[in-house]
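Colleague: Sequential numbering from 4 applies to the sequence shown in my numbering.
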Amino acid sequence: MNEKHLADKTFHYGFTLIELLVVISIIAILMAILIPAMGRAREMARKTVCLTNLKTLGDVSVMYASDQKDLLPFNYSVGTSNGVPGYMNYTLKWHTDIPGYDTPWLNHGLLFGRGYLKEPEVYYCPTQKNDPRYAYETHFVRGQLRPLAERSAILKASRWGAELSDDQLDRVRGSYIARNFNPALKTISNYNDPEARKIKYGGQYAYLADRWTFGSSGVHDKQFYNVLYSDCHVATISDYLARISQLGEGIIPADLDPTRFQTWSDGWRLFDQGEF
């Protein structure tokens, strides 16, 4: 059999249009199945990093407590929202000098300001990176605080810039909210009382948590919230009923007693009393 005869016997195979469409359809179906699963896996990883951040902040707070005899004064009131004082208790640093503080660091920013914490990235939940107000890169670079001009430029260029005053641009914000009063006290009317700003180590109440307040509800897909308690254990709270995220939007969930849960700040009771 000569070479010409062999060439004549050679067949050239290829995909038909229908076969190609079937393969594309199968790939599309697999992607539709896998992409959400990959998204959930990434969010679970971010949730774990977030939980580790809170645990680190708790461990460092124990060091602070051993020196200061109490945990951080996390509840300094620098503003009000709907008449509720203390809503700025995610602020790490502020331009105003506040008596009794190593100014201008305040709240849990004192951990970094006083040298107990070397890596400020733990102040930021990785799920909230899309919000420049609470993103690590907005306020720090390579572990060092950005100059005010750089922080302001980043915030002004963001979609939130129009909402921020010059005064607000000078704040360094974390993405974990601290409780805004000491639950051991029977009265919380005087937020400037130094004792009202102290939280004793070893209690069972929430003391740092993912942000769930106005404009930032929906952390971890509006289903989970990581919490650091005052005995420094951490836990993930399920919120499948969206109670906490509704409180974060200023809505009192219909199944909560309105005489006991009147504002978003009352959400701490959900954490403290296990009523989530």
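For each residue, glycine too, the CB sits at the ideal point set by N, CA and C. On a predicted model such as this, the values are computed, not experimentally measured, just so you know.
#1: Could you have a look at Ser241 and say whether DSSP puts it in helix, strand or coil?
#2: Is it the case that the stretch 45–54 contacts the stretch 111–130, given that we only count it when at least three CB pairs across the two stretches are under 8 Å?
#3: Quick check: Tyr179 and Tyr93, are their CB atoms within less than 8 Å of each other?
#4: Given that a residue counts as buried once 16 or more other Cβ atoms are within 10 Å of its Cβ, and exposed if not, what is Asp213?
#5: For a test of the three-state rule: what should DSSP assign to Lys96, helix, strand or coil?
#6: Report back the beta-carbon spacing between Leu109 and Tyr67 to the nearest angstrom; my notes put them in contact at under 8 Å.
#7: Have a look at the DSSP bridge pairing and note the partners of Tyr1.
#8: Identify the residues that DSSP records as bridge partners of Leu148: which are they?
#9: Based on Cα-Cα distance, which residue from Asp269, Arg174, Tyr232 lies nearest to Pro107?
#10: Taking the Cβ atom as the reference point for each residue, do Ile3 and Leu231 lie within a distance shorter than 8 Å?
#11: Under 7 Å from any heavy atom of the ligand MG, does the C-beta of Leu120 make it?
#12: What residues in its chain sit with their C-beta under 6 Å from that of Gly205, if we drop five residues either side in the sequence?
#13: Give me, in chain order, the residues of the same chain whose beta-carbon lies closer than 6 Å to that of Ser155; leave out the 5 immediate sequence neighbours on both sides.
#14: Check this for me: beta carbons of Tyr176 and Ala209, under 8 Å apart or not?
#15: Which of helix, strand or coil does DSSP assign to Leu167?
Modeller: Taking the definition as stated:
#1: Here residue 241 is taken as the residue at index 238 of the sequence shown, counted from 1. Strand.
#2: yes
#3: Within the sequence shown, numbered from 1, the residue matching residue 179 stands at position 176. Within the sequence shown, numbered from 1, the residue matching residue 93 stands at position 90. In this structure, Tyr93 lies closer than 8 Å to Tyr179 by Cβ.
#4: Within the sequence shown, residue 213 is the residue found at index 210, counting from 1. Buried, since its Cβ has 16 or more Cβ neighbours within 10 Å.
#5: Position 93 of the sequence shown, counting from 1, holds the residue named residue 96. Reduced to three states, the DSSP call for Lys96 is strand.
#6: In the sequence shown, counting from the first residue as 1, residue 109 sits at position 106. In the sequence shown, counting from the first residue as 1, residue 67 sits at position 64. With 8 Å as the limit, Leu109 and Tyr67 do not qualify as a contact, their Cβ atoms being about 14 Å apart.
#7: The shown model of the chain, from 4 to 279, leaves out residue 1, and the question about it has no answer.
#8: Mapped onto the sequence shown, residue 148 falls at position 145. Note: Leu148 sits in a beta bridge opposite Phe143.
#9: For the purposes of this step, residue 107 is identified with residue 104 of the sequence shown, where counting begins at 1. Out of Asp269, Arg174, Tyr232, Arg174 has the C-alpha closest to the C-alpha of Pro107.
#10: Since the first residue shown for the chain is 4 and the last is 279, residue 3 is missing from the structure and cannot be characterised.
#11: Absence of the ligand MG is noted for the structure shown, with no ligands found whatsoever.
#12: To locate residue 205, count along the sequence shown from 1; it is residue 202. Answer for Gly205: Asp234, listed in chain order.
#13: Residue 155 sits at position 152 when you count from the first residue of the sequence shown. Around Ser155: Leu172.
#14: On the sequence shown, position 173 is the one that residue 176 refers to. On the sequence shown, position 206 is the one that residue 209 refers to. In the sequence as presented, Tyr is not what sits at residue 176; that position holds Arg. Cβ atoms of Arg176 and Ala209: not closer than 8 Å.
#15: Your numbering for residue 167 matches position 164 in the sequence shown. DSSP places Leu167 in coil when its eight states are reduced to three.
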